[in-house]
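Worksheet: the structure to be examined is printed underneath.
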Amino acid sequence: MASDVCSHVKVVVRVRPTNDSEKCDNFRNVVQVVDNHMLIFDPKEQQIPCFGSQRVQNRNINKRANKDLKFVFDNVFGEDSTQVDIFENTTKGVLDSVMNGFNCTVFAYGATGAGKTHTMLGSQNDPGVMYRTMKELFRRMDEVKEDKVFDVAFSYLEVYNEQIRDLLANVGPLAVREDSSKGVVVQGLTLHQPKSAEHILEALDYGNQNRTQHPTDMNATSSRSHAVFQVYLRQQDKTASLNPNVCVAKMSLIDLAGSERASATNAKGARLREGANINRSLLALGNVINALADPKSKKAHIPYRDSKLTRLLKDSLGGNCRTVMIANVSPSSKSYDDTHNTLKYANRAKEIKSLLKSNVVSLDSHIGQYAVICEKQRQEVMAQTLLASEALQRIFCSRAQIRSEQLDLERQLKENELRQRHSEEANLQAQSLCAKEKTEKATCKHERKIAALRTQQQHIHKRMEEATVRFLENDGWLHRVENEMKLLGPNAQAPEVLEKELCCHRLELQVNDLKQHIKQMVQLTVLQDQENSRMQKILNILLPAHNRHYHVLCEAGLVTPTDEMENHELEQLVLRERGVAWADQEGAKTSGFCSELAPHIHSSKPLHTCQISLSLSLSLTLSLSLLSLSLSLSLSLSLSFSLTDIHIYLMLKFG
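Under full-length UniProt numbering, the sequence shown is numbered contiguously, ending at residue 655.
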């Protein structure tokens with residue numbers, strides 16, 4: 001049964017104490033607290049002394065006249081008020097409504113440095129409204145835990161530069177949508193189930209550390225974002241037969257960023273832009289307050305959609321919500337305009353009326369209605385499940401494209417590195433064999449090719465970074481959908497059908513990755529085969545030439561012991577014979593060329609021409625250097641891939 005109550009927005013004003021800077025500069029006091037309900041803004045000078053307890057005797061006629069404006073609010077707290085006073089007269093009474101199933105909101109409003117964050121959060125030694133409210137809520141739940149069953153969840157977000165960010169999860173900007181049954185909903189916002197009040201307070205502290213804060217000239221730790229802490233409470237009698245109703249309520253505790261003038265805070269650059277966004281959202285909030293408070297515009301358009309902040313507060317201002325506004329002001333004339341504007345908006349907010357409805361769902365229905373209710377709920381769950389399934393399909397489709405691009409870029413990068421290595425080795429070969437003119441020409445060509453490849457490499461790295469950023473964004477969206485999926489099933493677990501679908505998407509992505517890995521292997525193998533073919537042709541020419549030259553030198557008696565040792569080592573490499581080697585050399589001799597090359601050394605007939613001018617040392621140097629290069633090239637591809645990749649490739653190649 002829903003009980004309807006007409007309620008005004010409760011408005012309280014808290015005047016903070018003057019700070020040392022205001023006292024040193026001798027700013028006069030422009031706020032006089034008369035009693036618990038009235039204050040005077042800019043009172044006549046004879047009514048209140050200046051700082052330093054000196055009364056102004058003669059008024060300067062060139063000065064503007066004092067406004068001497070009187071304001072009446074639900075409560076007015078002077079400079080000597082405590083955090084306990086604020087709590088006792090604001091949220092403590094609101095908790096009664098929360099326990100009875102009414103939505104409630106408490107928000108702090110005021111200029112930068114007026115004390116909003118101190119009022120809402122406080123300090124470790126002097127905690128604020130949020131801390132005390134959570135302690136009191138759990139205390140009341142403990143009092144009736146023998147009679148009622150409670151389910152509690154909470155969230156914490158900030159609105160910064162017109163973007164909504166989850167303070168309890170490292171995800172990207174969140175979207176706001178409106179649900180016909182749930183009201184304003186932040187899509188992807190994480191919900192946490194606390195085990196105790198201390199758990200909530202730890203999460204609150206963690207979120208405050210993640211909150212955007214920057215120093216300004218008005219405040220050393222100025223909050224640059226609007227923080228919204230929401231607690232969801234669901235309760236039901238343990239003895240359902242006596243009162244078969246479920247009571248649901250939401251409580252929002254909001255610390256708004258301070259309105260400010262750029263000249264007062266000396267903001268520049270990024271601070272100026274964020275200040276403009278803060279002022280824009282607070283201006284939209286002021287317009288909403290004015291529209292709601294104007295009796296002539298009850299049916300007129302209320303500009304909730306002018307900012308993310310007003311969209312979030314749509315339920316809190318003029319909706320189904322009991323609202324308390326804590327207006328924080330400075331007593332100093334230094335903040336004259338800011339204090340005046342805050343008091344004007346607070347005075348207007350008193351006129352806002354809300355039609356409250358207790359969120360109580362009756363379970364006392366005829367037995368014949370249960371089938372209809374269950375079918376309706378089943379259809380709702382199916383609809384939400386279908387939406388989640390479609391979201392998974394879109395996310396993994398985008399994810400597959402990003403992964404395909406990433407793997408292709410990795411292939412291009414490996415191919416680029418392989419081409420650079422081939423070019424370096426080809427240049428070394430030219431240096432060892434060709435004449436000076438050809439060597440210089442080959443070096444210039446090599447340098448141009450290396451420069452082009454390195455430019456291409458930089459471009460590939462840049463594209464890989466961009467793809468990584470997109471992948472992280474996609475990962476954030478997937479994380480949000482997974483969180484929403486958990487809300488569809490019992491015990492914070494996603495429905496089994498969605499879990500299986502998610503698993504299938506992940507496996508499909510892995511299969512696509514493996515297919516692309518194999519494709520890349522084939523492409524790089526073709527590139528390496530081309531280089532190996534070139535090296536094979538070089539060796540087919542070089543080894544017979546070396547053999548001929550060696551025999552010529554043997555017949556001429558010019559072979560040295562070093563030449564014989566090097567020729568013997570070359571034969572061992574070609575014949576794949578194991579010689580005596582040190583342990584650190586064993587790894588280098590892991591491969592050799594086919595024994596079909598051996599006849600080039602043994603079958604060639606001696607040449608009886610006078611070609612001794614070709615030195616044996618040059619021939620051996622060319623042979624061994626080119627052989628070493630070919631050996632390293634034959635290993636280059638295998639070193640670029642894992643053993644698993646090679647195994648897959650061999651299976652495809654040879655069945």
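All residues carry an ideal CB built from backbone N, CA and C; glycine is no exception.
By the DSSP assignment, the alpha helix (DSSP H) with residue i in it spans what residues?
i       : result
Ser-97  : 91-99
Tyr-550 : 496-556
Val-248 : Taken as a continuous stretch (DSSP letters only), Val-248 belongs to no alpha helix (DSSP H), being part of the beta strand (DSSP E) at 245-255.
Leu-201 : 197-210
Arg-454 : 436-486
Phe-102 : Phe-102 -> no alpha helix (DSSP H), and no H or E assigned at all.
Val-9   : No alpha helix (DSSP H) contains Val-9, which DSSP labels as neither H nor E.
Leu-343 : 336-349
Under three-state DSSP, which class holds residue i?
i       : result
Gly-286 : helix
Gly-183 : strand
Glu-178 : strand
Pro-17  : coil
Val-33  : strand
Cys-397 : helix
Gln-124 : coil
Lys-70  : strand
Arg-132 : helix
Thr-190 : coil
Phe-41  : strand
His-568 : helix
Gln-493 : coil
Ser-307 : coil
Ala-111 : strand
Asn-75  : strand
Going by beta carbon distance, what residues of the same chain come within less than 6 angstroms of residue i, once the five residues before and after it are set aside?
i       : result
Asp-74  : Lys-10, Val-11, Val-12
Thr-91  : Val-106, Val-129, Thr-133
Gln-457 : Asn-416
Glu-158 : Arg-165, Leu-167, Arg-211, Ser-225, Ala-227
Ser-97  : Cys-104, Arg-322
Using the Cα positions of residue i and residue j, report the straight-line distance between them to the nearest angstrom.
i           : j       : result
Leu-418     : Arg-448 : 16 angstroms
Lys-460     : Lys-314 : Note that residue 460 is Ile in the sequence shown here, rather than Lys. Going from the Cα of Ile-460 to the Cα of Lys-314 covers about 47 angstroms.
Ser-604     : Cys-434 : Because Ser-604 carries a pLDDT of 39, less than 50, the predicted location of this residue cannot be relied on, and no value is offered for it.
residue 658 : Met-521 : The structure shown has nothing for residue 658, since the chain only spans 1 to 655.
Thr-212     : Val-526 : 53 angstroms
Gln-236     : Asn-483 : 25 angstroms
Ser-196     : Phe-138 : 7 angstroms
Val-248     : Gln-163 : 28 angstroms
residue 691 : Glu-466 : What is shown of the chain runs 1 to 655, which leaves residue 691 out entirely.
Ser-155     : Arg-454 : 49 angstroms
Arg-348     : Asn-290 : 7 angstroms
Val-185     : Glu-499 : 24 angstroms
Cys-554     : Leu-575 : 21 angstroms
Lys-353     : Asn-320 : 10 angstroms
Gln-83      : Ala-114 : 15 angstroms
Leu-204     : Ala-65  : 46 angstroms
Leu-69      : Pro-43  : 7 angstroms
residue 657 : Ser-330 : Past the boundaries of the shown model lies residue 657; the chain is included only from 1 to 655, so the question cannot be answered.
Asp-306     : Leu-191 : 27 angstroms
Our contact map puts residue i next to residue j with C-beta atoms below 8 angstroms; I'd like the distance itself, whole angstroms only.
i           : j       : result
residue 729 : Lys-486 : Since the first residue of the chain shown is 1 and the last is 655, residue 729 is not available in this structure.
His-479     : Val-171 : 6 angstroms
Glu-88      : Pro-17  : The pair is not a contact, with the Cβ atoms about 19 angstroms apart (cut-off 8 angstroms).
Val-31      : Thr-339 : 6 angstroms
Lys-116     : Leu-256 : 6 angstroms
Tyr-232     : Val-152 : 7 angstroms
Leu-392     : Val-481 : 6 angstroms
Ser-389     : Glu-496 : Ser-389 to Glu-496, Cβ: 13 angstroms. No contact.
Leu-312     : Val-94  : Not confirmed; about 18 angstroms, so no contact.
Note down, in chain order, each residue of its chain lying with its Cβ closer than 7 angstroms to the Cβ of residue i, except the 5 sequence neighbours on either side.
i       : result
Ser-423 : His-446, Lys-449, Ile-450
Asn-427 : Ala-442, Thr-443, His-446
Asn-208 : Leu-121
Lys-148 : Gln-235, Gln-236, Asp-237, Lys-238
Gly-110 : Lys-116, Gly-258, Ala-327, Asn-328, Val-329, Thr-342
Give a yes or no on whether the minimum CB-CB distance between residue i and chain D is below 8 angstroms.
i       : result
Glu-136 : As a matter of chain content, chain D is missing from the structure shown, which is built from one protein chain.
Just curious, the beta strand (DSSP E) that residue i is in, first and last residue?
i       : result
Thr-323 : 322-329
Ile-164 : 163-166
His-226 : 226-237
Ser-155 : 148-160
Between which residues of its own chain and residue i is the CB-CB distance below 8 angstroms, once the five residues before and five after are set aside?
i       : result
His-37  : Val-72, Phe-73, Asp-74, Asn-75, Val-76
Phe-471 : Arg-399, Ile-402, Arg-403, Gln-406
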